[in-house]
Structure formats: structure tokens, C-alpha cells
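At position 16 of the sequence shown (counting the first as 1) the number is 16 in the UniProt record's numbering, and the numbers step up by one without a gap.
Here a beta-carbon is modelled for each residue, glycine too, at the ideal position from N, C-alpha and C.
A short worksheet on the structure shown next.
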Amino acid sequence: MKIQPVKGTRDFYPPQMAIRNFIIDGWKAASLRNGFEEYDGPIFEYLKMFQLKSGDEIVEQLFSLQDRGGRELAIRPEITPTLARMVNQQINSLAKPIKWFSVPRLCRAERPQKGRLREFFQWNIDIIGAGDSRADAEVIFATVDYLRTVGLTPEDIKIKISSRKLLTAALRNFGIRTDDLNPLYTLLDKKSKLPSDTFEKLLKEQIGDENIVKKVLEFMSTEDINDVAKLVEGNFLDNDIEELNDVIVCLDQMGVGNYCV
1 MKIQPVKGTR
11 DFYPPQMAIR
21 NFIIDGWKAA
31 SLRNGFEEYD
41 GPIFEYLKMF
51 QLKSGDEIVE
61 QLFSLQDRGG
71 RELAIRPEIT
81 PTLARMVNQQ
91 INSLAKPIKW
101 FSVPRLCRAE
111 RPQKGRLREF
121 FQWNIDIIGA
131 GDSRADAEVI
141 FATVDYLRTV
151 GLTPEDIKIK
161 ISSRKLLTAA
171 LRNFGIRTDD
181 LNPLYTLLDK
191 KSKLPSDTFE
201 KLLKEQIGDE
211 NIVKKVLEFM
221 STEDINDVAK
231 LVEGNFLDND
241 IEELNDVIVC
251 LDQMGVGNYC
261 V
């Protein structure tokens, strides 16, 4: 009987392992060059930790189990909750800002499809305890630093810069209730992966109000940050727009602005 690997996973024979190491070694080198320190955590955590971050619906998207003591555990689908737990445990003793990176092996109980496996590696770079826009620019710069080392130019790749704070403020201004934001974020994140008519149909089903749907579609299609303020009432987005502009200015000063849009 020939046993196949579990669907959505991969075997790394020596040639594939060499490619994997080349990519991950490049991620680590770029992180270290830019002053980030490596960390890692356990491959499983208490299920409750992921529920607190993402809600009960996350249970369907991860592999969960019970240990012999009856405690609910989950194989990590992401490492951000682990990072938050680790920092919180030593919050008073860690020097700020915290600049950490990790390349964890992660698992998600999703239907395997092209480009989305159940088991995968992910490069994570985080800066904690720095309140200015330069921290965001540093993370983006480290990413571009790696891309340049493997020969990718601004003609090959573009990094799309966005702001969750700005998006949240705009959606609230359009009339979206706070309780409806998280499921809407999930849909908006899928915009580039869906046909435009499918995306618009799902948006109408989720929001309901045609006027709000029109505003959201217009906001999502706006590429010039200077045009964003024209789509909302009042000037309360000024600070969020200024923060995003500061990031763009920093990236220009760092010499990688041509990689970003």
C-alpha cells in the first residue's frame, strides 16, 4: 500500500529543500541586516488565544485538539497571537522598540487550492513600541531589501501601501457599524482575488445599503492618497492621511519609493 502525503502539504526532497533554504536564508539575512532579532514559539497554543483575536469563526479555519487533560489546543495558523503573548509576558523587561522577526511553519484547515496550502512558511517582521511612521517604513524597507537581493526591480514588483486606520475611519464615516467591520475587512481583503462583479455582489449582500456600497467601491478604487479626503465628510481623516504620507516620504528618503504604490 502506497501512502500519499496529506492533501495540502508538501514533501521537500533535497532539490526542493535547497530552494526553500535559499528563500528562507534570504529572509533571515535581510531581517538581521535591518536590525531585527529572531524569535519563535510553540507550534500549538491554547485555542482560546486565537478565538480572542479572531472570534469563534477561526475554529473552522485551524486544526484544534484536546490534550489528555481536556484542554482545548490549536496548531498555530499564524504567529501574531504568540508574539503578543510573548511580549506581554516580559513587557517590563524588554527594551523598546522591539524589532523581531520569525519564519514559522504554520497550518490552516482550509480547502487546499492553488497558492493556498494547509501547511506553509511565512516571513513575519514586527516593530512594537515605536509610535511613528518610520517603523512602518522600516518593515517595508526590509522587505524591499530582500527583493533587491534576489534581483527583483521596481519593474518586476510593486508593494501596495494601505492603512487599516484610514480604512476603518472611512468605513465608519460611510455608516458601517463597528460590529460589522471585521467581516467586511475579510471581504475587502479578497477584492483582488475575485471577479469585480462577484466582489460587488458580495459587498451588496453584506452591506445592504446601495449608497454605502457605492462609497466603499469608490474608496477601494482610489489610488491617489490626496483623493481619499474628498470621499468623506469633514476633515477628521487628516491625521490618518498625514501618517500614510509620512510613510511614503520615509520610503522615498530610504531610496525604495519606486517599489511602492
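Report the rounded CA-to-CA distance for Leu-166 versus Gln-122, giving the unit in angstroms. 26 Å
Do the CB positions of Val-213 and Lys-204 come within less than 8 Å of each other? yes
Under DSSP, the beta strand (DSSP E) around Cys-107 begins and ends at which residues? 105-107
For Gly-41 versus Ile-79, is the C-beta spacing smaller than 8 Å? yes
Pull up the CB-CB distance for Ile-75 and Leu-62, whole angstroms please, since I reckon it's below 8 Å. 7 Å
Going by DSSP, name the residue or residues bridged to Asn-124. Ser-102
Tell me which residues share the same chain as Asp-67 and place their Cβ nearer than 7 Å to its Cβ, disregarding the 5 neighbours each side in the sequence. Leu-73
Assumed close pair Lys-96, Gly-35 - CB separation to whole angstroms, cut-off 8 Å: So it is not a contact: roughly 13 Å between Cβ atoms.
Could you spell out the range, first to last residue, of the alpha helix (DSSP H) harbouring Ile-207? 196-207
Excluding sequence positions up to five away, which residues of its chain have a Cβ less than 7 Å from the Cβ of Gln-206? Pro-183, Leu-184, Leu-187
Could you please give me the residues that DSSP links to Glu-72 through a beta bridge? Gln-66
Report yes if the CB atom of Val-150 is closer than 8 Å to the CB atom of Gly-26, and no otherwise. yes
Is DSSP giving Gln-90 helix, strand or coil here? coil
Same chain, Cβ closer than 8 Å to Thr-178, five either side skipped, listed in chain order: Arg-172
Three-state class that DSSP yields for Glu-38 in the structure shown: strand
Report the residue from Asp-56, Arg-10, Cys-260 whose alpha carbon sits nearest the alpha carbon of Phe-141. Cys-260
Return the residue from the list Arg-118, Gln-89, Pro-104 that minimises the CA-CA distance to Val-6. Arg-118
Going by DSSP, what residue range makes up the alpha helix (DSSP H) through Glu-45? Taken as a continuous stretch (DSSP letters only), Glu-45 belongs to no alpha helix (DSSP H), being part of the beta strand (DSSP E) at 44-46.
Do Pro-154 and Asn-245 have their C-beta atoms closer together than 8 Å? no
Considering Cα atoms alone, identify which of Ser-196, Ile-241, Asn-88 is closest to Arg-164. Ile-241
Alpha-carbon to alpha-carbon, Gly-69 and Leu-147: 46 Å
Measure the alpha-carbon distance for Leu-251 versus Ala-18 and round it to whole angstroms. 33 Å
Close-in-space but distant-in-sequence residues of the same chain around Tyr-46 (CB under 8 Å, 5 per side omitted): Arg-71, Glu-72, Leu-73, Ala-74
Rounded to whole angstroms, what's the CA-CA distance from Ile-248 to Glu-223? Just pull it up for me. 13 Å
Would Ile-91 be called buried (16 or more neighbouring beta carbons within 10 Å of its own) or exposed? exposed
Whose C-beta lies closer than 6 Å to the C-beta of Met-49 among residues of the same chain, with five residues either side of it excluded? Pro-81
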